[in-house]
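Report on the following structure.
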Amino acid sequence: SQQGEEDPQALSIQEGENATMNCSYKTSINNLQWYRQNSGRGLVHLILIRSNEREKHSGRLRVTLDTSKKSSSLLITASRAADTASYFCATEPGGSYIPTFGRGTSLIVHP
Amino acid sequence: DTGVSQDPRHKITKRGQNVTFRCDPISEHNRLYWYRQTLGQGPEFLTYFQNEAQLEKSRLLSDRFSAERPKGSFSTLEIQRTEQGDSAMYLCASSLAQGRDGYTFGSGTRLTVV
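Quick note, the sequences are listed as chains A and B, same order. If you want the numbering used here, it's the 1-based position in the first sequence plus 1097. If you want the numbering used here, it's the 1-based position in the second sequence plus 8.
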């Protein structure tokens, strides 16, 4: 079973626009992580936010976490064609050190 | 150390054959994970090791699957009597204890069973 679910499943935008993806999960967590995956490749870790944090930034990425709603969002600002990829959230349920992934959001950025 | 290495990158095998994949984690990482990913899905957990000890296995890991991590370094994942349903990308990841800095993934091994 999948702990996290990303929304939307697919997102298509123009270069320069912002992209927002959401993740909802079911149980209490130690932390939540976002990953990027280019077609046919492995996953690349983008950012980790702990359960006691509410917002975190890394370059053009901004992640928020609302533990009361069991949800997180990933914002990519000023998107580029190179941001085209699938984005996954992964959660570590409390007491577990096994990251569990959702189905991902497929982002296409048109040049 | 350039990251997590997986070998081979691609494997095509006939149904019923055995296959073995290898993962070399980042040398100082003591945790190693195996995941399976099919098209359009997220990675599904298979098993993980802390050092040489296999601490947890998913119910997805049937008795045809076995994983080892001798001496707590590289790991192998073997699939015996492969079936077409085993066709997938097999991903390996490693981390320091508790994954405080996230998990580093390899590029994966794509298995096709014909």
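Each residue gets a CB set at the ideal place from its N, CA and C atoms; glycine is no exception. Quick caveat, the model's predicted, so the values are computed rather than measured.
Can you find the residues in the same chain that come closer than 8 Å, C-beta to C-beta, to I1110(A), ignoring five residues on each side of it along the sequence? A1116, S1176, L1204, I1205, V1206 and H1207
State the Cα-Cα distance for the pair R1151(A) and D32(B), rounded to the nearest angstrom. 35 Å
Between T1188(A) and W42(B), what straight-line distance do the alpha-carbon atoms span, to the nearest angstrom? 16 Å
Using CA atoms only, rank isn't needed, just tell me which of G24(B), I87(B), N26(B) and E36(B) is closest to R8(B). Residue 8(B) lies beyond the range of chain B shown here (9 to 122); nothing can be said about it.
Chain A partners of Y98(B), CB-CB under 7 Å? Here the premise fails: no neighbours, minimum Cβ distance about 11 Å.
Between S1183(A) and N1119(A), which are expected to be in contact by the criterion C-beta below 8 Å, what is the C-beta distance as a whole number of angstroms? Contact flag wrong, Cβ pair sits at about 15 Å.
Measure the alpha-carbon distance for T46(B) versus S1165(A) and round it to whole angstroms. 32 Å
Would you mind sorting H18(B) into buried or exposed? The rule is 16 or more other CB atoms within 10 Å of its CB. exposed
Considering only their Cβ atoms, is the gap separating T120(B) from I20(B) smaller than 8 Å? yes
Entirely enclosed beta strand (DSSP E) segments - the region 48-92 of chain B, minimum 3 residues: 52-58, 61-65, 73-76 and 83-87
Would you give the residue range spanned by the beta strand (DSSP E) that A1187(A) belongs to? A1182 to P1190
Chain-ordered chain A contacts of F49(B) [CB-CB under 7 Å]: Note on residue identity: the sequence assigns Gln, not Phe, to residue 49(B). Neighbours of Q49(B) on chain A, chain order: R1200.
Contact the region 1188-1203 of chain A vs the region 1100-1107 of chain A: 3+ CB pairs below 8 Å: yes
Taking the beta carbon of T1124(A) as the centre, do at least 16 other beta carbons fall within 10 Å, making it buried, or is it exposed? exposed
Taking only the alpha-carbon atoms, compute the straight-line gap between T28(B) and E1112(A) and give it to the nearest angstrom. 42 Å
Is it the case that the CB of K19(B) approaches a heavy atom of the ligand FAD more closely than 7 Å? In the structure on display, the ligand FAD does not appear, and there are no ligands present to speak of.
Are the CB atoms of A101(B) and F113(B) nearer to each other than 8 Å? yes
With a CB to CB cut of under 7 Å and the five nearest residues on each side skipped, what residues in its chain are close to S1098(A)? Unreliable positioning characterises S1098(A) in this predicted model, as indicated by a pLDDT of 46, which lies under 50. A coordinate reading is not provided.
Got a sec: is the Cβ-Cβ distance from G1156(A) to anything in chain B below 8 Å? no
Hey, would you say S66(B) sits closer than 8 Å to T84(B), going by beta carbons? no
Please tell me whether L1140(A) has its Cβ less than 8 Å away from any Cβ of chain B. yes
Kindly indicate if chain B contains any beta-carbon less than 8 Å away from that of I1195(A). yes
Determine, using beta carbons only, whether Q14(B) and S115(B) come nearer to each other than 8 Å. yes
Supposed close pair I1173(A), L1162(A) - CB separation, criterion 8 Å: The pair is not a contact, with the Cβ atoms about 16 Å apart (cut-off 8 Å).
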